[in-house]
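In my numbering, the protein residues as written are 60 to 255.
Here is the structure we will look at, set down as structure tokens.
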Ligand SMILES: [Zn+2]
């Protein structure tokens with residue numbers, strides 16, 4: 060089942076998400092629905108807060124990047140086969156000189172900006188069966204994991220931009236939160252009745 064993706068401006072995207080355990084209701088069904096939702100929107104990652112649940116769960120499938128000819132054959136092969144569910148993830152280490160990559164987000168359609176992140180990470184997480192792993196990633200796979208991990212920490216890529224860039228996209232972000240945007244996947248927009 061395809062779930063509506065929560066748009067920029069919803070408070071759930073700003074919340075630090077909570078850990079879950081194996082008793083979380085209908086978890087396998089939720090994960091299945093999240094994959095369907097992500098593929099339906101042509102995303103390479105989706106975090107639970109983006110479908111309105113403040114829990115530490117996200118998915119990554121970098122296959123669409125494998126078509127990109129700017130990567131080496133080896134990198135393309137890695138990207139093609141990287142599909143993983145991360146539960147209760149904690150990034151333990153990040154290292155290296157920050158590099159820029161043009162990021163987008165299913166919750167922030169039509170906004171793409173260069174974001175600086177460190178290239179290497181060490182992450183601890185659990186899989187669908189709550190088996191714990193500690194793994195290291197680098198390059199674009201690390202980048203997608205960092206973006207999704209930020210979601211469960213209540214951080215969006217737009218939070219990481221310079222104040223100048225933030226000002227430039229402010230109008231676009233307001234329009235997204237008001238639903239004034241054309242998109243070809245299902246979204247849920249926050250009510251904008253509250254005043255600052
Ligand atoms: Zn995102």
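Glycine included, each C-beta is placed from N, C-alpha and C at the ideal position.
(request) Look up residue 129 in the DSSP assignment and say whether it is helix, strand or coil. (result) Here DSSP, grouped into helix, strand and coil, assigns residue 129 to coil.
(request) Evaluate contact between the segment 116 to 128 and the segment 183 to 203, counting only Cβ atoms and requiring at least three cross-stretch pairs below 8 Å. (result) Cβ pair count under 8 Å is three or more, so yes.
(message) Counting beta carbon pairs with one atom in the segment 168 to 187 and one in the segment 147 to 158, are three or more of them shorter than 8 Å?
(response) By the C-beta criterion, the segment 147 to 158 is judged to be in contact with the segment 168 to 187, since at least 3 inter-stretch pairs fall below 8 Å.
(request) Please list, in chain order, all residues of the same chain as residue 75 whose beta carbon is under 7 Å from its beta carbon, the five residues on each side excluded. (result) Hits under 7 Å: 212 and 213.
(message) Threshold first: 4 residues or longer. Then list the alpha helix (DSSP H) segments lying entirely within the segment 93 to 159, N to C.
(response) Runs of the alpha helix (DSSP H) spanning 4 or more residues and lying entirely within the segment 93 to 159 occur at 132 to 139, in chain order.
(request) Within 10 angstroms of the Cβ of residue 126, are there 16 or more other Cβ atoms? Answer buried if so, exposed if not. (result) Around the beta carbon of residue 126, a 10 Å sphere encloses fewer than 16 other beta carbons of the protein chains shown; the residue is thus reported as exposed.
(message) Is it the case that the segment 163 to 175 contacts the segment 222 to 237, given that we only count it when at least three CB pairs across the two stretches are under 8 Å?
(response) Contact holds: three or more Cβ-Cβ distances are below 8 Å.
(message) With the cut-off set at 8 Å, would you say residue 99 and residue 247 are in Cβ contact?
(response) Their beta carbons are not under 8 Å apart, which means residue 99 does not touch residue 247 by this criterion.
(request) Please report how far the alpha carbon of residue 104 lies from the alpha carbon of residue 82, in whole angstroms. (result) C-alpha separation (whole angstroms): 24 Å.
(message) I need the boundaries of the beta strand (DSSP E) containing residue 175, first residue and last residue.
(response) Looking at the DSSP string, the run of the beta strand (DSSP E) that includes residue 175 is 172 to 176.
(message) Measuring straight from C-alpha to C-alpha, what distance separates residue 150 and residue 88?
(response) In this structure, the alpha-carbon of residue 150 lies about 26 Å from that of residue 88.
(message) For residue 115 and residue 128, I'd like the C-alpha separation in whole angstroms.
(response) Approximately 33 Å, taken between the alpha carbons.
(message) Among 245, 138, 191 and 86, whose alpha-carbon lies nearest the alpha-carbon of residue 204?
(response) Residue 204 has its Cα closest to that of 138, out of 245, 138, 191 and 86.
(request) Out of 241, 146 and 223, state which residue places its alpha-carbon closest to the alpha-carbon of residue 183. (result) From the listed residues 241, 146 and 223, the smallest Cα separation to residue 183 is found for 146.
(request) Report the three-state DSSP secondary structure of residue 64 (helix, strand or coil). (result) If DSSP states are grouped into helix, strand and coil, residue 64 belongs with the strands.
(request) Evaluate residue 20 with the Cβ neighbour count: other Cβ atoms within 10 Å of its Cβ, from every protein chain shown; 16 or more gives buried, anything less gives exposed. (result) Past the edges of the chain, shown from 60 to 255, lies residue 20, and the structure says nothing about it.
(message) Our contact map puts residue 249 next to residue 68 with C-beta atoms below 8 Å; I'd like the distance itself, whole angstroms only.
(response) Here residue 249 really is in contact with residue 68; their C-beta atoms are around 4 Å apart, less than 8 Å.
(request) Could you check what DSSP says for residue 203 in three-state terms: helix, strand or coil? (result) The answer is helix: DSSP assigns residue 203 an H, G or I state.
(request) Measuring alpha carbon to alpha carbon, tell me which of 79, 62, 161 and 241 ends up nearest residue 219. (result) 161 is the residue among 79, 62, 161 and 241 whose C-alpha sits nearest the C-alpha of residue 219.
(message) Tell me the DSSP secondary structure of residue 182 in three-state form.
(response) Here residue 182 sits in strand by DSSP.
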